[in-house]
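Step one of this worksheet: look at the structure below.
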Amino acid sequence: MGVGFVCSMRGCGGLIDPAEGGLRLPTGCTSSDYAFRCPECGRLHWRNSHPVFNRQGKAAYIKEGKFLLVKEESEG
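To convert, take the position in the sequence shown, counting from 1, and add 16; that gives my numbering.
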């Protein structure tokens, strides 16, 4: 495992290793960046360890080989 980071999802603790490769996602009309999957929960994170959301605020996951956008329950 290379230099990585811990998944930001509460209670997960999965270790994300960007050296294992990522998924290139669009970030604008002509720009893109790599997102990396947590091997434990499937949550996608940018290389700066922040979780990936779309413009509508849905969380991005890869589960069972599928890209999913999920509206997360608010806490409180």
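Beta carbons are placed, not taken as given, at the ideal position from N, Cα and C, and that holds for glycine.
Shortest Cα-Cα distance from Gly-44 to any of Asn-70, His-61, Gly-58 involves Asn-70. If you draw a 10 Å sphere on the C-beta of His-66, you find fewer than 16 other C-beta atoms in it, and that means exposed. Taking Ile-32 as the centre and dropping the five residues before and after it, the same chain places the C-beta of Gly-20, Phe-21, Cys-23, Phe-52, Cys-54, His-61 closer than 7 angstroms to its C-beta, in chain order. Residue environment for Val-86: exposed (fewer than 16 other C-beta atoms within 10 angstroms of its C-beta). Taken in chain order, the unbroken stretches of beta strand (DSSP E) that lie wholly in the segment 18-42 and span 3 residues or more are 39-42.
Leaving aside the five residues that flank Gly-29 on each side, the residues in its chain whose CB is nearer than 8 angstroms to its CB run, in chain order, Val-22, Cys-23, Glu-56.
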